[in-house]
Structure formats: C-alpha cells, structure tokens
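Once you know that position 65 of the sequence shown is 64 in numbering that gives the first Met the number 0, the rest is easy, because the numbers rise by one and skip nothing.
For glycine and all other residues, C-beta sits at the position ideal for the given N, C-alpha and C.
None of the values given here were measured: they were computed from a predicted structure.
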Amino acid sequence: MPPATEASHYFDSDPEKPSDEGSVDLLLPDLSFTLRTDRGVFSRDQVDVGTKLLLLTDPPASQQTPEPGSDLADIGAGYGPIALTLAARNPETTVWAIEINSRARDLCQLNAANANLANINVVTPDEVPEDIVFSQIWSNPPIRIGKQALHQLLLRWLPKLTDNGTANMVVQKHLGADSLQRWLNTNGFRTDRYRSQKAYRLLAINARQTKANKGSADR
Numbered sequence: 000m001p002p003a004t005e006a007s008h009y010f011d012s013d014p015e016k017p018s019d020e021g022s023v024d025l026l027l028p029d030l031s032f033t034l035r036t037d038r039g040v041f042s043r044d045q046v047d048v049g050t051k052l053l054l055l056t057d058p059p060a061s062q063q064t065p066e067p068g069s070d071l072a073d074i075g076a077g078y079g080p081i082a083l084t085l086a087a088r089n090p091e092t093t094v095w096a097i098e099i100n101s102r103a104r105d106l107c108q109l110n111a112a113n114a115n116l117a118n119i120n121v122v123t124p125d126e127v128p129e130d131i132v133f134s135q136i137w138s139n140p141p142i143r144i145g146k147q148a149l150h151q152l153l154l155r156w157l158p159k160l161t162d163n164g165t166a167n168m169v170v171q172k173h174l175g176a177d178s179l180q181r182w183l184n185t186n187g188f189r190t191d192r193y194r195s196q197k198a199y200r201l202l203a204i205n206a207r208q209t210k211a212n213k214g215s216a217d218r
C-alpha cells in the first residue's frame, strides 16, 4: 500500500486525481477476472497481495459455505476483487460491495457487469438497509485511515453479523495486525488468527463464540 500521504484519496468519497483507466487480472484456482482499475483507487496496478492471499486461503471449515439467500458483505470493496469472488463462488447469495470511493464503486459495478454477476449490490455505507444482517463479512480493511476511524468502521459492521455469522479479514503485520486482533478480543469480538504468511495475518471472527463469551462475562 502507498505511503499515507499518497493513500488518503483511496478513502475519499470523490477522488480528485484525473482518470487514467487500466486493468488487472485476478487469477484464482477456481475462477479468473480481468478487472478495470483507475487512479484514485486502492491497488490500481495489481490485485493487492493481501487481498489475493485472503481469497486463496480457506477460512475455518465452519465459515466456508453461506446459506442460499443469505447476505454477504465486502467492507471497503474497491474495484471489486473480493466482492466478485464471493458472488461467483456463492451465486445464491447477495453480496453487498460497500465502498466510500465513488470511482471505485463505478469500477466495481462495471466489473460485476462484465463478469455477468447480478448478485452484487454496490453501495455506499449509508445505502445498506438498517435491517440487513450478514452471514459473512470479508475485508481488506483500510488500516491507513487511522486507529480511531478503523475501530469505528469495525464497530459499525461487525455487530451486523448473524448469530452464526463470521468475518474474515487480512491485515499486514507491520500495519498493526496483532494489535488489532487484541483490540477486537478486548472489545468482545472473538478473533483468531488462522493464517500468517508474507507479513500478512488472516483473522477470523465467529459471532457465535463472541456472543457466548459476552454471555459468560455477563453472568
């Protein structure tokens, strides 16, 4: 990820940099996409290494297969590598690609259309209906927005997991993956590390275990 001084526009709702479109390939064992990218969006020149690691690595067995008809979320969807993968792998679900950056949303919508994936809703955070809950949340979260903003983001979305819901995140170790895991556990979200590779941590949150822990603490 670029230095913070170069990265701020990735998290702006309307990036100011002039457009300069390009494309990247996402190659996975079970599927592949050519994705349109542009200036002012995260990882425009290649699919981010952490994102690809997240998509290549099976989460714990209890998290692998969402129920048909359920809702999944990609928080900070960018131009869509996670959202498109979730939608292709789980065609009977609805994937909410949640993204603040308007240019990234347009690209994600275009990429979904080019891949003939109709089960993706590309939205701003405020466009997600209040009554929606997610059986799975996936994210390469925007660590560089700062701890306070990141914590607020997670506190907004993680409580929207279903009772059996799970969340899977990838975070670079040197950007605070271990401290984030501690913060999540301290704040009642049972978080386990299920993979560590190439300086990345893959973190899993289990809503059932989280609620069980909270229940024990309340007794």
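Among the options, the one whose alpha carbon lies nearest that of residue i
| i | options | result |
| --- | --- | --- |
| P242 | G187, A166 and K172 | Missing from the structure shown is residue 242; the chain here goes from 0 to 218 and no further. |
| L26 | F41, P80, K16 and R35 | P80 |
| S134 | T93, N100, Y78 and Q45 | T93 |
| L183 | K197, R194, M168 and H173 | M168 |
| T161 | G175, I131 and G145 | I131 |
| P67 | D47, P90 and L83 | P90 |
| K146 | N118, S178, K159 and E126 | S178 |
Nearest-angstrom Cβ-Cβ length linking residue i and residue j, presumed shorter than 8 Å
| i | j | result |
| --- | --- | --- |
| T36 | L106 | 6 Å |
| A203 | P17 | So it is not a contact: roughly 40 Å between Cβ atoms. |
| A82 | D70 | Actually they are not in contact, since the Cβ atoms of A82 and D70 sit about 12 Å apart, beyond 8 Å. |
| R220 | T56 | Residue 220 lies beyond the residue range present for the chain, which begins at 0 and ends at 218; the question has no answer from this structure. |
| V99 | P124 | In the sequence as presented, Val is not what sits at residue 99; that position holds Ile. The pair is a contact, with the Cβ atoms about 7 Å apart (cut-off 8 Å). |
As assigned by DSSP and simplified to three states, the class of residue i
| i | result |
| --- | --- |
| N100 | coil |
| V162 | One point to set straight first is that residue 162 is Asp, not Val, in the sequence displayed. It is a strand residue. |
| D57 | coil |
| R143 | helix |
| G187 | coil |
| R38 | coil |
| S178 | helix |
| V127 | coil |
| L201 | strand |
| V122 | strand |
| A114 | coil |
| A76 | coil |
| V46 | coil |
| T33 | strand |
| L52 | helix |
| D19 | coil |
| L71 | strand |
| Q151 | helix |
| A3 | Its pLDDT being 37, under 50, A3 is placed unreliably in this model, and the value from its coordinates should be taken loosely. Three-state DSSP puts A3 in a helix. |
Burial state of residue i (16 or more Cβ within 10 Å)
| i | result |
| --- | --- |
| A148 | exposed |
| Q180 | buried |
| L153 | buried |
Cβ-Cβ distance between residue i and residue j below 8 Å
| i | j | result |
| --- | --- | --- |
| A96 | N115 | no |
| L54 | N110 | no |
| I136 | L157 | yes |
| G77 | A103 | yes |
| L52 | K197 | yes |
| R189 | V170 | no |
| N139 | A206 | no |
| D24 | R38 | no |
| A86 | L30 | no |
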